[in-house]
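S.K.: Below is one structure. I have some questions about it.
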Amino acid sequence: MSVSVVQPSRTAWSRLRPFGAGQVDLRTGFWADRVRINRERTIPHGLDQLRRAGTLDNLRLADGYRAAADSTGATLPFLDSDVYKWLEAVGWELARGPDPGLAASADEVIALVTATQRADGYLNSYVQAGDGEPYRDLSWGHELYCLGHLIQAAVAWHRALGDDRLLDVAIRAADHLPGPLVDGHPNIEMALVELARVTGDRRRLTTAARMLELRGHGTLPGARFGAGYWQDHEPVRDAATVAGHAVRQLYLDCGAVDVAVELGDDRLLGAVRRRWDDMIRTRTYLTGGLGSRHRDEAFGDPYELPPDRAYAETCAAIASVMLAWRLLLATGEAGYADSIERTMYNGVLPGISLTGTRFFYTNPLQRRTHRVLDGAGPRLPWYPCACCPPNLMRLLSSWQQYLATCDDSGIQVHQYAAAEVRTELPSGPARLRIDTGYPWDGRIILSLLETPAEPWTLSLRVPRWCRTATLTGPDGTLAVGAGMVKRHRRWQPGDVVELSLDLPARITEPDPRIDAVRGCVAVERGPLVYCIETADAPGRTEIEELIWDPSREPAVRPRPDVAEAMVGVTVPVLRRRSGAPATAGAIPYFAWGNREPGAMRVWIPR
C-alpha cells in the first residue's frame with residue numbers, strides 16, 4: 000500500500016492510486032535539486048524562523064510557561080498552523096531518509112505540541128493563552144483550520160514513519176469538537192477525511208460531509224468582504240464559480256473532492272469540476288497563479304487578471320496543486336496534470352528563492368521600475384503572516400508523490416523528473432527508471448528494470464503546450480498528440496521507451512478579454528513562463544521602454560550565470576522612442592528576483 004498525502008480508501012470512487020513515500024525516488028536534476036535544498040536549507044531555516052517569530056513560544060505560553068525574553072510574542076490566531084505544516088514537511092522528509100538532527104528538532108516540537116494540549120483534548124495556543132473559550136469566533140478564529148493542519152501533520156507521521164505521537168494528539172483534539180461546525184477558513188474538511196482513511200473511523204467522514212452541507216447558507220457572521228469571501232454565499236453543490244478568498248475556496252473544494260470520492264457523490268464532484276473549469280478559463284494567470292485582488296486576497300471578476308496588481312498568493316498556487324491532484328486521482332484526466340505542471344513551475348516555485356531561504360507571499364507578473372506596488376518588493380526570510388513558507392516546505396517534501404500513479408491496468412507518469420518508480424501491479428512488481436534533463440531538455444527516457452510477465456499499460460503524458468512529440472519504443476517510433484499516450488504490451492526487463500517533446504521558444508498571446516494585457520505577448524518554453532528583468536535589458540534600458548519586435552523570433556540560449564543548466568531565451572525588442580532593434584534576455588519566471596533588485600515583466604507590449 001502507498002503512503003501518501005492523499006490516499007483514497009479501497010472503496011473510494013477514484014480512478015487512480017497515488018504512489019507513496021518510498022515508491023518514487025528522485026535521483027538527479029531539476030526536481031532533485033529543489034527537494035534537496037528544501038531538506039538542507041529551507042526546513043532548518045523554517046524552524047529557526049518559527050523560534051525567532053515567537054510561534055513556538057505561543058505554545059509554551061498556552062502550556063503555562065513564560066515566553067523567552069527575546070520573543071516578539073506573535074498574536075495572529077492561525078500561527079499554530081505554521082508549526083504543523085513544518086512538522087508535516089519533516090515527516091515526509093524523514094520518510095525519504097534519516098536525518099538525526101532534523102528528527103531531534105521534530106521530537107522537541109512534537110513534545111511541545113503534546114504538552115500544550117489540554118486535558119480535555121482541546122489544542123489551540125491563541126485561545127488557550129487568551130480567554131480559553133473554544134469555538135467562540137468561528138469566523139476569524141481559525142481554530143478548525145489549525146486543527147486541520149495538525150491532523151495533516153499527524154497523518155504524515157503515521158503514514159510515512161509509523162509514528163503515532165501526533166496522531167494521538169490529533170484524535171483527541173478532533174474528539175473535542177462538539178459536532179459539525181463551519182470555520183471561516185476551510186481546511187478541516189479534507190483533514191477529517193484523511194483522518195477517517197487512517198483510522199477507519201467513518202464518523203470523521205460524516206462530520207466532514209456535514210460541514211460541507213452547512214456551508215453556503217450565510218451562517219458565518221462578520222464577513223467584512225461579504226459572505227462570498229469565505230464561500231458562505233451559496234451551497235457547495237450549487238455554486239457555479241469560484242468566489243472570495245482564493246485559498247479558502249481551493250481548500251474547501253479539496254475537501255469536497257475527498258468527500259465525494261469516498262461517498263461516491265457524483266453531484267458533489269461535478270460541482271467542483273465545474274468551478275475548476277471556470278476558474279482555469281477565466282480567472283487563472285498565465286503562470287497558474289490565482290487571486291487578482293489584494294484587498295481580500297480574492298478571485299476577481301472573469302478575466303480580471305492585471306499583471307502588476309496580481310496577488311497570486313503562493314499558498315493559492317499550492318492549494319491549486321492540491322486540488323488538481325485530487326481531481327486527477329478521481330478522474331484520471333490528463334488536463335489536471337497539465338495544470339499541476341504549469342502551477343508548480345510558474346506559480347509555486349517563484350515563491351521561494353533559488354537559495355531556499357527567502358520567500359514571496361504574492362507573485363505579480365510585473366514589477367515597475369519607478370513604482371513598486373504592494374507585494375512586489377523583494378523576497379523576505381519570513382512574514383508576520385507566514386503561511387506560505389511552511390506550505391512550500393510540506394509540498395516540496397512530498398513532491399515525488401505527485402509524479403506518477405497506478406491502477407489495475409498499469410502505471411501512469413504525469414510529471415517528468417530523473418527518478419526511479421516502483422509499485423506492485425496485480426500481476427507482480429514493476430520498476431522503471433526515468434532519465435531526463437527536463438524542463439531544460441525534452442527527452443524523457445524510461446527504462447524497464449523489473450516487470451510482470453503479464454501485459455500491462457504504460458501511460459505517459461504529452462503536455463498541451465507541446466506542438467510536436469514522438470514516442471520511440473519496442474514497437475517503433477510514432478508521432479503522438481497531447482494527452483495520455485498509452486502502450487499496452489508484454490514488457491521485458493531492459494525495454495526502453497523514449498518520449499521526445501519539442502521545446503522551441505514560443506510566443507503566447509493573451510485572451511483578448513483580459514483588458515490589462517491586451518496587445519501584449521509572453522514567451523514560453525516547454526512548461527516554463529519567461530520574464531524580462533532589468534539586469535537583462537539591453538544597455539540597462541528601463542523595461543517599460545521596450546516593445547516586442549514582431550519581425551524577429553526569440554532564440555534559446557544557456558543561462559549558467561543565473562543557475563546551473565538553466566536555459567534562457569533571447570527576446571527581440573524595439574526601443575519605444577527610437578524604434579531601434581535590440582535584444583533582451585528572458586529567464587524562467589520562477590527565477591526572477593534572485594539578482595539585484597530591478598523591474599520585471601512577463602507580458603511585453605507590441
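Residues 0 to 605 in numbering that gives the first Met the number 0 are what the sequence shown lists, from first letter to last. Here a beta-carbon is modelled for each residue, glycine too, at the ideal position from N, C-alpha and C.
1. Within 10 angstroms of the Cβ of A105, are there 16 or more other Cβ atoms? Answer buried if so, exposed if not.
2. Just mark E387 as buried or exposed, buried being the case when its beta carbon has 16 or more other beta carbons within 10 Å.
3. Please list the terminal residues of the continuous beta strand (DSSP E) segment that includes P571.
4. For C530, list the residues DSSP reports as bridge partners.
5. Restricting to Cα atoms, I'd like to know which of P559, I531 and A562 is closest to W547.
6. Mind checking S80: buried by the 16 CB within 10 Å criterion, or exposed?
7. Which class does P604 belong to by DSSP, given the choice of helix, strand or coil?
8. Should Q491 go down as buried or exposed, given a rule of 16 or more other Cβ atoms within 10 Å for buried?
9. Nearest to L25 by alpha carbon, out of G299, D307 and Y401?
10. Is it true that the CB of G584 sits closer than 7 Å to the CB of D535?
11. Please tell me whether L137 and G331 are closer than 7 Å, where the distance is taken between their beta carbons.
12. If you draw a straight line from the alpha carbon of L498 to that of A478, how long is it in whole angstroms?
13. Could you give the residue range of the beta strand (DSSP E) that holds G409?
14. Rounded to the nearest angstrom, how far is the Cβ of V241 from that of T218, given a contact under 8 Å?
15. Using only CA atoms, which one of R600, E107, R171 and G21 lies nearest to A515?
16. Evaluate T354 with the Cβ neighbour count: other Cβ atoms within 10 Å of its Cβ, from every protein chain shown; 16 or more gives buried, anything less gives exposed.
17. How many angstroms separate the CA atom of Y83 from the CA atom of G45?
18. Could I get the ranges of all uninterrupted alpha helix (DSSP H) runs contained in the segment 107 to 182, with 4 residues as the minimum, in chain order?
19. Between P451 and L527, how many whole angstroms is the CB-CB distance? I'm expecting something under 8 Å.
20. Report the partner residues of Q609 according to the DSSP bridge assignment.
21. To which residues of the same chain is V420 closer than 6 Å at the C-beta, ignoring the five residues directly before and after it?
22. How about V5 and A20: are their beta carbons less than 7 Å apart?
23. Could you pull the start and end residues of the alpha helix (DSSP H) that T507 belongs to?
24. Kindly indicate which three-state DSSP category F358 falls into: helix, strand or coil?
25. Which two residues bound the contiguous beta strand (DSSP E) that contains I443?
26. If we count the other Cβ atoms within 10 Å of its Cβ and call it buried at 16 or more, is C384 buried or exposed?
27. How should A239 be labelled, buried or exposed, when 16 other C-beta atoms within 10 angstroms of its C-beta is the threshold for buried?
28. Which of the three DSSP states is assigned to V2 in this structure?
29. So T404 is in the beta strand (DSSP E); what residue range does that whole segment cover?
30. Go to I546, then tell me how far its beta strand (DSSP E) extends in each direction, as first and last residue.
31. Could you have a look at D510 and say whether DSSP puts it in helix, strand or coil?
32. Determine the DSSP secondary structure at G350, reduced to helix, strand or coil.
33. Compare the beta carbon distance of L394 and I317 with 7 Å and say whether it is the shorter of the two.
34. Which one of E543, V522, P557 and A333 has the shortest CA to CA distance from D440?
35. If we count the other Cβ atoms within 10 Å of its Cβ and call it buried at 16 or more, is A554 buried or exposed?
36. I'd like to check one pair, N345 with T283: are the Cβ atoms closer than 7 Å?
M.R.: Looking at the atomic coordinates:
1. buried
2. Note that residue 387 is Cys in the sequence shown here, rather than Glu. It counts as buried.
3. V566 to R574
4. I586
5. I531
6. buried
7. strand
8. exposed
9. Y401
10. yes
11. no
12. 10 Å
13. G409 to V412
14. Incorrect: roughly 20 Å between the Cβ atoms, too far for contact.
15. R600
16. exposed
17. 12 Å
18. 124 to 127, 142 to 160 and 164 to 174
19. Not confirmed; about 37 Å, so no contact.
20. Residue 609 lies beyond the residue range present for the chain, which begins at 0 and ends at 605; the question has no answer from this structure.
21. V23, A403 and L431
22. no
23. Not the alpha helix (DSSP H): T507 falls in the beta strand (DSSP E), residues A504 to T507.
24. strand
25. R442 to E449
26. exposed
27. exposed
28. coil
29. A403 to D406
30. L545 to W547
31. coil
32. helix
33. yes
34. P557
35. exposed
36. no
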